[in-house]
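**Q** The structure under discussion is supplied below as structure tokens; questions concerning it will follow.
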Amino acid sequence: MAVAPSPKDIYERSKEEGHRRLSMSLLDMVSTAFIAGVTIVFGIVALGVIEGDLGPAVSPGVASVAGALAFAVGVVFLIVGRSELFTEDFFDPVAAAVSENGRKPWLRLGRLWVVTLALNLVGGGILVALMTVPGALPPGAADALVSVAEDIAAKEWAATFVRALFAGALITLLSYMVQGCNSVAARILVAYLVGFLLALGPFDHVVVSALHLLFGIWLSDAVAYVDLWRNLGLATAGNMIGGLLLITFTHTTQVKG
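Going by the working numbering, the first residue of the sequence shown is number 8, and it counts up by one from there.
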């Protein structure tokens with residue numbers, strides 16, 4: 008039986024992975040982030056299809072749980088495929104930057120964050136555009152996705168920020184836990200559980216929520232671009248504070264202390 012790694016071992020693994028990410032070429036960053044944006048849309052569409060199919064037959068709560076179980080598959084695809092959502096860069100690359108001296112690693116980290124967020128949205132946006140072509144989605148799935156988008160857009164700014172704070176912490180915790188796994192099966196299980204919680208919360212992950220809102224904008228008139236921009240700002244801030252302060256810096260203090 009494999010021995011569970013200690014916090015120090017996990018942190019060392021994270022630093023190694025962080026150094027790899029910080030040393031990626033611009034083309035590597037662009038392609039990796041683009042693929043992640045495309046990949047997570049599969050989970051969003053799965054959520055819509057399952058909720059749309061089950062909605063007429065079961066209670067809304069049961070349909071939401073089933074949709075969250077379906078969405079989690081998209082997070083598994085991300086982890087196994089080694090593509091990266093924006094918040095996945097809040098632990099490993101930061102651990103690497105902390106271990107280096109000077110400004111250069113922090114500048115590379117900033118570039119990684121900007122490129123990853125932008126290409127996550129571009130990649131996901133392209134697939135959302137294709138999936139909103141009339142007839143591409145079952146009617147029930149389209150209605151379910153619009154309903155999710157309306158729920159996200161209707162939240163007050165404080166609620167959106169708090170939901171984003173916890174989403175940032177959750178996905179950053181996923182990055183940490185993945186480095187503590189000694190097998191692909193363990194990584195799949197951890198990714199699936201986190202994906203389920205992310206959708207069930209529901210929490211506001213900046214990329215996932217933005218793509219949900221794009222579905223709402225392009226499938227109906229109930230959601231507007233102003234809702235998208237407002238969510239982008241609040242969710243980005245909340246994700247960063249939650250991921251960095253609640254998870255990354257506390258684990259760094261744990262190891263350094």
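Think of the CB as a built atom: it goes at the ideal place given N, C-alpha and C, for glycine as much as any other residue.
Ignoring anything shorter than 4 residues, give me the alpha helix (DSSP H) runs that lie fully in the segment 96-176, in order along the chain.
**A** 99-106, 111-138, 146-161
**Q** What number of angstroms, rounded off, separates the C-alpha of Val52 from the C-alpha of Ala161?
**A** Rounded to whole angstroms, Val52 and Ala161 show a C-alpha spacing of 21 Å.
**Q** Could you give the C-beta distance for Glu157 and Ala229, rounded to a whole number, given that I count them as a contact under 8 Å?
**A** Glu157 to Ala229, Cβ: 5 Å. Contact.
**Q** Whose C-beta lies closer than 6 Å to the C-beta of Leu207 among residues of the same chain, with five residues either side of it excluded?
**A** Ala75
**Q** So, using beta-carbon positions, are Asn246 and Thr39 closer together than 8 Å?
**A** no
**Q** Given a threshold of 16 other Cβ atoms within 10 Å of its Cβ, counted over all protein chains shown, does Ser90 qualify as buried or as exposed?
**A** buried
**Q** Tell me where the alpha helix (DSSP H) around Val191 begins and ends.
**A** 191-207
**Q** With burial defined as no fewer than 16 other Cβ atoms inside 10 Å of the residue's Cβ, what is the status of Ala70: buried or exposed?
**A** buried
**Q** Helix, strand or coil for Ser90? Go by DSSP, reduced to three states.
**A** coil
**Q** Less than 8 Å between the C-beta atoms of Val262 and Ile47, yes or no?
**A** no
**Q** What would DSSP say about Val230, mapped onto helix, strand or coil?
**A** Residue state for Val230 is assigned as coil, using DSSP reduced to three classes.
**Q** On the DSSP letters alone, give me the boundaries of the alpha helix (DSSP H) that Phe256 sits inside.
**A** 256-263
**Q** With Asp211 as the anchor, note down where its alpha helix (DSSP H) starts and where it stops.
**A** Run containing Asp211: none; DSSP gives neither H nor E here.
**Q** Going by DSSP, what residue range makes up the alpha helix (DSSP H) through Val45?
**A** 33-61
**Q** Can you round the beta-carbon distance between Ala43 and Glu58 to whole angstroms, since I take them to be within the 8 Å contact cut?
**A** Their Cβ separation, rounded to whole angstroms, is 23 Å, which puts Ala43 and Glu58 out of contact at 8 Å.
**Q** For Glu24, does the count of other Cβ atoms within 10 angstroms reach 16, so buried, or fall short, so exposed?
**A** buried
**Q** How is Pro12 classed by DSSP in three states: helix, strand or coil?
**A** It is coil, neither helix nor strand.
**Q** So, is Leu126 buried or exposed, given that buried needs 16 or more other C-beta atoms within 10 angstroms?
**A** buried
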